[in-house]
Amino acid sequence: MSDVVDIVLSLSFWVAALRIATPLIFGVTGALICERSGVLNLGIEGIMTAGAMTGWLAVHFGAGLWTGVLVAALAGAVLGLLVAVLTVKLGLSQHVAGLAVTMLATSACYFGYRVILPGVTTPPRIEPFQAMHIPVLSDLPILGPVLFQQTPLTLLAVVLVAVVAWVLARTPVGLALRAVGENPAAVEAQGLDVHRLRIAAVVAGSAIMALGGAFLTMSAFNAFFFEMVAGRGWICIALTVFASWRPGKALLGAVLFGAFDAFQVRLQQVMGGVVPGQVFLMMPYLLSILALVVWSRSAGYPKALMVPFVRGQR
Amino acid sequence: MSAVSSARAPDPDAPVVLELAGITKRFGPLIANEAVDLTLRRGEIVALLGENGAGKTTLMNILFGHYVADEGEVLVAGPDGALVPLEPGSPRAALDAGIGMVHQHFTLAENLTVLDNVLLGTEPLWRPWRSTAAPRAKLAALMARSGLSIDLDATVADLTVGERQRIEILKALYRDVRILVLDEPTAVLTPQESDGLFATLRALADHGLAVIFISHKLHEVIAAAGRVAVLRSGRKVAEVPTAGIDRGRLAELMVGRTVAPSRREPRTPGAEVLRLDRVSIAGAEVRRRLDEVSLTVREGEIVGIAGVSGNGQTALAGLLSGLLAPSAGTLALDGRTLDALTPGAVVALGVGRIPEDRHAEGAVGAMSIEENIALERFRSARFQRAGFLRAKAIRDHAETAIAAYDIRCPGPHAAIRQLSGGNMQKAILARALDGEPRLVLANQPTRGLDVGAVAEVHRRLLAARLRGAAIVLITEDLDELFALADRIAVMFRSRLTEPCAAEDVTLKRLGLMMAGHDPAEVA
Amino acid sequence: MLRLVPRIEADPKLVIAAPIVAALAALLLAAVPIALAGAPVIEAYRVMAEGALGSRFALTEVVARATPLMLTGLAVAVAFRARLYNIGAEGQLYMGALAAVWVGSGRFDGPAPVMIAAVLVAGALAGALMMLGPTLLKVKLGADEVVVTLLLNFVVALFVQMMIEGPMKDPMSLGWPQTEAILDSATLPKLIDKTRVHAGLIVALLAALGVHLMMKHTVVGFEIRAVGAGPQAARFAGMNVTAAMVTVGALSGALAGLAGVGEVAGLKGYLTADLSPGYGYAGIVVAMLAGLSPLGVVIAALWVAAVFVGADSMSRSINVSSYVANLIVALALLSVLLSGVLVRFRLVRARAPQRRTER
Chain A
-16 MSDVVDIVLS
-6 LSFWVAALRI
4 ATPLIFGVTG
14 ALICERSGVL
24 NLGIEGIMTA
34 GAMTGWLAVH
44 FGAGLWTGVL
54 VAALAGAVLG
64 LLVAVLTVKL
74 GLSQHVAGLA
84 VTMLATSACY
94 FGYRVILPGV
104 TTPPRIEPFQ
114 AMHIPVLSDL
124 PILGPVLFQQ
134 TPLTLLAVVL
144 VAVVAWVLAR
154 TPVGLALRAV
164 GENPAAVEAQ
174 GLDVHRLRIA
184 AVVAGSAIMA
194 LGGAFLTMSA
204 FNAFFFEMVA
214 GRGWICIALT
224 VFASWRPGKA
234 LLGAVLFGAF
244 DAFQVRLQQV
254 MGGVVPGQVF
264 LMMPYLLSIL
274 ALVVWSRSAG
284 YPKALMVPFV
294 RGQR
Chain B
24 MSAVSSARAP
34 DPDAPVVLEL
44 AGITKRFGPL
54 IANEAVDLTL
64 RRGEIVALLG
74 ENGAGKTTLM
84 NILFGHYVAD
94 EGEVLVAGPD
104 GALVPLEPGS
114 PRAALDAGIG
124 MVHQHFTLAE
134 NLTVLDNVLL
144 GTEPLWRPWR
154 STAAPRAKLA
164 ALMARSGLSI
174 DLDATVADLT
184 VGERQRIEIL
194 KALYRDVRIL
204 VLDEPTAVLT
214 PQESDGLFAT
224 LRALADHGLA
234 VIFISHKLHE
244 VIAAAGRVAV
254 LRSGRKVAEV
264 PTAGIDRGRL
274 AELMVGRTVA
284 PSRREPRTPG
294 AEVLRLDRVS
304 IAGAEVRRRL
314 DEVSLTVREG
324 EIVGIAGVSG
334 NGQTALAGLL
344 SGLLAPSAGT
354 LALDGRTLDA
364 LTPGAVVALG
374 VGRIPEDRHA
384 EGAVGAMSIE
394 ENIALERFRS
404 ARFQRAGFLR
414 AKAIRDHAET
424 AIAAYDIRCP
434 GPHAAIRQLS
444 GGNMQKAILA
454 RALDGEPRLV
464 LANQPTRGLD
474 VGAVAEVHRR
484 LLAARLRGAA
494 IVLITEDLDE
504 LFALADRIAV
514 MFRSRLTEPC
524 AAEDVTLKRL
534 GLMMAGHDPA
544 EVA
Chain C
146 MLRLVPRIEA
156 DPKLVIAAPI
166 VAALAALLLA
176 AVPIALAGAP
186 VIEAYRVMAE
196 GALGSRFALT
206 EVVARATPLM
216 LTGLAVAVAF
226 RARLYNIGAE
236 GQLYMGALAA
246 VWVGSGRFDG
256 PAPVMIAAVL
266 VAGALAGALM
276 MLGPTLLKVK
286 LGADEVVVTL
296 LLNFVVALFV
306 QMMIEGPMKD
316 PMSLGWPQTE
326 AILDSATLPK
336 LIDKTRVHAG
346 LIVALLAALG
356 VHLMMKHTVV
366 GFEIRAVGAG
376 PQAARFAGMN
386 VTAAMVTVGA
396 LSGALAGLAG
406 VGEVAGLKGY
416 LTADLSPGYG
426 YAGIVVAMLA
436 GLSPLGVVIA
446 ALWVAAVFVG
456 ADSMSRSINV
466 SSYVANLIVA
476 LALLSVLLSG
486 VLVRFRLVRA
496 RAPQRRTER
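Chains as they are written, first to last, in my numbering: chain A, -16 to 297; chain B, 24 to 546; chain C, 146 to 504.
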């Protein structure tokens, strides 16, 4: 038991937790923007894959790291536009349209990989983001190592959560977004364009999701592997429910998740011989299902989620 | 209804603020509006009268930009008074031109506060902050001037229907509208609340606001409007001042022929069929709760349940439909106390139910007419054998019903969602009245139907009453209530008043009961 | 400006034509990735067609690969009909295979008909149980079954790995982890000698016929259709929506489980972690291309299988990665969705309203 406490109280544990949580933070933030506006974006798994591959590929071909990040965000935005057209403009089933985009993005990435890098057995490595050192902030007692000595993308993720929270709560566009997922008729009656708002939300949310993928190839690992996203997209969708579609709770959920993951890595080091490794690898998925199920009935569900809006339908 | 008419004769010298010219709108083969002209002057209140399906809401939706007309144009007076064409298809353009609309189904985001709902769309979207001090001041002034008051920081989900309507009006006033359109504003109000609303509108009109309200209620049109335009089948068939006009004439104009109101033959009630004894259903919201409701309905009588929607009628209907189980009290059918209630059990016991929402609850839209008519009894020996459906039996049964109820359709195989509202309701009626049920639950049975379909539904219900069915009629339509009910009770805050004979109930008394007052306290 | 206007009644010709057009569109769009891969496009199509349809062997290969697709396609079609979005066919397939191996690799033995029946039943049961959980969670708690079944796929993949490397490992296998082999008595016999077509095909075809008859002519099918098309009305009419959904979920899972049985007891003989190249997910495309019709699933499964077999041929001879098949299948799903829009709506040119000339 004291081992557990030791682990949890160690600073390196929380550094690892936040690092592991980073792709989830991006993913949940992007997903909740989409869902707050009324669109369930199941393209997330494919978008994160695309973000991972395009960012890494850009750097591999000589672009700077931040350019790579931009490329990844762009890829996410384009895929988000596809999801938006299918679900918002054409009113197709959000479940099936999202899965279709995931399948398209994933297969395009794998095929593209084989075309661009034929015959390679191990994916070429890039020089990833390094841990930061910011003059005053990195030397702060606890926040220093946990937040300000991470790689830049982790800090970006946390800052993004704050920005999104501000936008949703305190700006006119955030108000419009919160309204359009609840009662789009109210938004249209006030003279705003429901479709444009939703499309913008989905594109922005998807760009942010893609950054989660970019983190995997440009910070966490330093190459693109097939199946590397490994269901994180779906985990993010489950965490969105846990977070009641609020940015602050989303950050908390992602960090708790990262903490749990970091914990089981250490636990595996201790118990590895007895319990098969797969049991530990299963935990994130089982935990996500638990989160989804337990929090499914709670309040805060955007009432117009998954309901397509047709203009002038009265 | 207030005895004092609040309508004022139209002033021919007031400047024209709105002109609809030659508006035509088609939905496929259906002509919703045909060459409709309408003029509105400053300070007047005009009523748009017509039965369901006449094209009133379509016309106003075109005005507000939800639809685009196929022909014709809308002209709105600019600040200088000159009439300028309005950009079609844009609610934003309508709002900018000074037109505001209070929709029949409120357009409010329930998760947001009153202030948020009012300010939605009024601040530029690119701005990264919100300033609420000036809007609050303006709203305070508006509330004082119009007499409508509401807590700006309340969450809409917590507010009553009357309060929500106030928000809708304030939303429009905040945007400095010069023309206000209201679509069936009194559908969810008690008679007294309706009086209050029209008094407010009168006060606003005196300040220069021009008002159009849509209604199908003759008495309120005569009382509240200075002028009435009558629509029928998409065309404007009459436009007259309301001073001195009588309801019969208006009704004729509305329907196109003299309408004989449904006549209820005297019928002595027989044995007790339904008995509710202090039934309670627990629930968080009033609309889903019943609070010690007692009711007795006998053979051959119709008990009408009146009340503003949201006072527990849903729970009562749910109980009698088998969807909700009582948490206290007993329910007895033909003397037998019932325990486990499910919709299937209720149907098997001989209860015919006409649900409130025919599209969601009454029919499976994608399935055929014959499948829908058989929907409640497809497991019976009549329609299946050894787990296999008896297609011919289902088809024959449907064809009999189609002929008997005069259901206009391409055939029993057609998807039921193709049918008009009236024909779909007839199919549901055929299903509910199949087998001569002992008890019939009719929940808003004629909502959204045209006069012909309404008459047919009434005829069937009265016929069922004559042959001995016990009928519970839940309705918000007071005309229907007085036409059909032998006894009337009122639902208010999950409680049911003691039913009294229909002859003993006046509209005023009913309105008070709907608002929760004990009628014995008021003369 | 173009606008979408709903059609009053769906044109039956369009309903049949739409998936065919979608499939063709996907094949045509494949020209782009093929060209990007630097391969000659026309030649690529020729190689693909020949690889899939050009010889007797090729055709049998297509049929062999279509067999699990028919079953997963049926699993998805049945579920989607009831608005139960089963994306977990992949996991249910693996569980079915695992159960088949557990029952059929030597714990007990018997005459072939008994053993074959045993593995089929075991696989179907395992798949059904696997889908029961998500179905109940959806019905009782409103939990989104799409996400739950997706996540469970990952759990099952890890579980299968764990079993193969642990309790069910074949002690005689060298290096690569795999289970013990299915007994001969439990093996599904080959239908055509020297090909990979096995009796699982019969199971699949019978299943398709059975589902079709059930949906159209039985009380159970009527209830499933009503619950899927109008759950509120179904409940009001007295149907037990929960029971209906559970039935659908179990049936769907069972069908996917049978796909796993076929692969392991008819094709491969033992279970490895890479038994399925995504048959569960491809089943979604098969079901959508078939318009959720059980008989259409058979045809759609053959098409998807042909694409994969053809792509293998392409990858061998002109060096185009076989992932092009996944791309074509994904494009087919998108095309089917888009063609569905055109079936339900018409494109009209929106005219500006005309002014009346006189006042």
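Even glycine gets a Cβ: it sits at the ideal position worked out from N, Cα and C.
Q) If you measure beta-carbon to beta-carbon, which residues of the region 68 to 89 of chain A are closer than 9 Å to chain C? A) If you check each beta-carbon in the region 68 to 89 of chain A against every beta-carbon of chain C, the ones closer than 9 Å belong to L69, K72, L73, G74, L75, S76, H78, V79, A80, G81, L82, A83, V84, T85, M86, L87, A88 and T89.
Q | Proximal chain C residues relative to V22 (chain A), where beta-carbon distance stays under 7 Å | A | Result: empty, since nearest Cβ-Cβ is about 14 Å, beyond 7 Å.
Q) Can you give, in chain order, each stretch of the beta strand (DSSP E) that sits fully within the region 28 to 82 of chain B and has at least 3 residues? A) Those beta strand (DSSP E) runs which fall completely within the region 28 to 82 of chain B and span 3+ residues are 39 to 50, 53 to 64 and 68 to 72.
Q. Excluding sequence positions up to five away, which residues of its chain have a Cβ less than 6 Å from the Cβ of P376 (chain C)?
A. Excluding residues within five positions, the ones whose Cβ falls inside 6 Å are V386.
Q: State the start and end residues of the unbroken alpha helix (DSSP H) segment that holds F225 (chain A).
A: That run of the alpha helix (DSSP H) goes R215 to F225.
Q.
Taking 7 Å as the limit between beta carbons, can you name the residues of its chain near S332 (chain B), skipping five residues before and five after?
A. For S332 (chain B), same chain residues with a beta-carbon under 7 Å away, outside a window of 5 residues either side, are V211 and E499 in chain order.
Q) Distance, Cα to Cα, S29 (chain B) vs A246 (chain B)? A) Because S29 (chain B) carries a pLDDT of 48, less than 50, the predicted location of this residue cannot be relied on, and the following value inherits that uncertainty. In this structure, the straight-line span from the alpha carbon of S29 (chain B) to that of A246 (chain B) is close to 6 Å.
Q: Run through the region 389 to 473 of chain C for me and flag every whole alpha helix (DSSP H) of 4 or more residues, listed as ranges in chain order.
A: Here the runs fully enclosed are 424 to 434 and 439 to 462.
Q) Under 8 Å Cβ-Cβ, which residues of chain C neighbour R389 (chain B)? A) Looking at the sequence itself, residue 389 (chain B) is Ala, so the reference to Arg does not match. Under the 8 Å cutoff, chain C gives A374 and G375.
Q. If we call anything under 9 Å between Cβ atoms a contact, is A248 (chain B) one with V59 (chain B)?
A. A distance of 9 Å or more separates the beta carbons of A248 (chain B) and V59 (chain B).
**Q.** Which of helix, strand or coil DSSP assigns to R470 (chain B)
**A.** Correct three-state label for R470 (chain B): coil.
Q | Member of C:V177, C:A245, C:A170 and C:N231 whose CA lies at the smallest distance from the CA of L403 (chain C) | A | Comparing Cα positions, the closest option is C:A245.
Q | Given R518 (chain B) as reference, the closest of B:L535, B:F411, B:V309 and B:A453 once Cα atoms are compared | A | That would be B:V309, whose Cα lies nearest to the Cα of R518 (chain B).
Q: Might you give, ordered along the chain, the residues of its own chain that have their beta carbon closer than 6 Å to the beta carbon of S317 (chain B), omitting 5 neighbours on each side?
A: Setting aside the 5 residues that flank it on each side, S317 (chain B) is surrounded in the same chain by L299, D300 and R301, each with a C-beta closer than 6 Å to its C-beta; the list follows chain order.
**Q.** Residue burial classification, A120 (chain B) (beta-carbon count within 10 angstroms, cutoff 16)
**A.** With a threshold of 16 other beta carbon atoms within 10 Å, A120 (chain B) meets it and is buried.
Q. Given A475 (chain C), which residues of its chain have a CB within under 6 Å of its CB, disregarding the five upstream and five downstream residues?
A. If we look at A475 (chain C) and ignore the five residues flanking it on each side, it has no Cβ neighbours.
Q. Can you round the beta-carbon distance between L336 (chain C) and L346 (chain C) to whole angstroms, since I take them to be within the 8 Å contact cut?
A. The beta carbons of L336 (chain C) and L346 (chain C) sit about 6 Å from each other, so the pair counts as a contact at 8 Å.
Q.
Let's test the definition: count the other Cβ atoms within 10 Å of the Cβ of V561 (chain B) and tell me whether it reaches 16, buried, or not, exposed.
A. Past the boundaries of the shown model lies residue 561 (chain B); chain B is included only from 24 to 546, so the question cannot be answered.
Q.
Which same chain residues end up closer than 6 Å to Q306 (chain C) when comparing Cβ atoms and leaving out the 5 residues on each side of it in sequence?
A. Excluding sequence neighbours, Q306 (chain C) sits near A418.
Q | L135 (chain B) vs A162 (chain A) beta-carbon contact at 9 Å | A | Cβ atoms of L135 (chain B) and A162 (chain A): closer than 9 Å.
Q: Could you tell me the boundaries of the alpha helix (DSSP H) in which P158 (chain B) lies?
A: Note, P158 (chain B): alpha helix (DSSP H), A156 to S169.
Q. At least one CB of chain B closer than 9 Å to the CB of E368 (chain C): is that the case?
A. Taking Cβ atoms only, chain B reaches closer than 9 Å to E368 (chain C), which makes this a yes.
Q) Between the C-alpha atoms of F267 (chain B) and D314 (chain B), what's the straight-line distance to the nearest angstrom? A) Reading off the sequence shown, one finds Gly at residue 267 (chain B), where the question assumed Phe. G267 (chain B) and D314 (chain B): Cα-Cα distance of roughly 45 Å.
Q: Give the straight-line distance between the Cα atoms of A4 (chain A) and V253 (chain A), rounded to the nearest whole angstrom.
A: Distance from the CA atom of A4 (chain A) to the CA atom of V253 (chain A), rounded to whole angstroms, is 22 Å.
Q. At a Cβ cut of 9 Å, what residues of the region 122 to 155 of chain A count as close to chain B, listed as they run along the chain?
A. Taking 9 Å as the Cβ-Cβ cut-off against chain B, the residues of the region 122 to 155 of chain A that qualify are W149, V150, R153, T154 and P155.
Q: Closer than 7 Å by C-beta to A450 (chain C): which residues in its own chain qualify, once you throw out the five before and the five after it? Chain order, please.
A: Only V207, R210, A211 and L214 meet the Cβ criterion.
Q.
So if DSSP puts L254 (chain B) in a beta bridge, which residue, or which two residues, is it bridged to?
A. According to DSSP, L254 (chain B) bridges with B:K259.
Q. Going along chain C in order, which residues have a C-beta closer than 9 Å to the C-beta of T365 (chain B)?
A. What T365 (chain B) touches in chain C: G383 and N385.
Q: Give the straight-line distance between the Cα atoms of A171 (chain C) and Y96 (chain A), rounded to the nearest whole angstrom.
A: The alpha-carbon atoms of A171 (chain C) and Y96 (chain A) are separated by roughly 21 Å.
Q: State the DSSP-derived secondary structure class of V240 (chain C), mapped to helix, strand or coil.
A: Here residue 240 (chain C) turns out to be Met, not Val, going by the sequence shown. Helix.
Q: Give the single residue among C:P151, C:L159, C:V150 and C:R152 whose Cα lies nearest to the Cα of G436 (chain C).
A: Minimum Cα-Cα distance from G436 (chain C) among the listed residues C:P151, C:L159, C:V150 and C:R152 corresponds to C:L159.
Q: Tell me whether V387 (chain B) is buried or exposed, calling it buried when 16 or more other Cβ atoms sit within 10 Å of its Cβ.
A: With 16 or more Cβ atoms within 10 Å of its Cβ, V387 (chain B) is classed as buried.
**Q.** Residue range of the beta strand (DSSP E) that includes R575 (chain B)
**A.** Given a span of 24 to 546 for chain B in the structure shown, any question on residue 575 (chain B) remains unanswerable.
Q.
If you follow the beta strand (DSSP E) that V326 (chain B) is in, where does it begin and where does it stop?
A. That run of the beta strand (DSSP E) goes I325 to A329.
(Q) So the candidates are B:N84, B:I377, B:F411 and B:D502; which of them puts its Cα closest to the Cα of G366 (chain C)? (A) Among B:N84, B:I377, B:F411 and B:D502, the Cα nearest to that of G366 (chain C) is on B:F411.
Q: Quick one: grab the DSSP three-state call for P256 (chain C).
A: Three-state result, P256 (chain C): coil.
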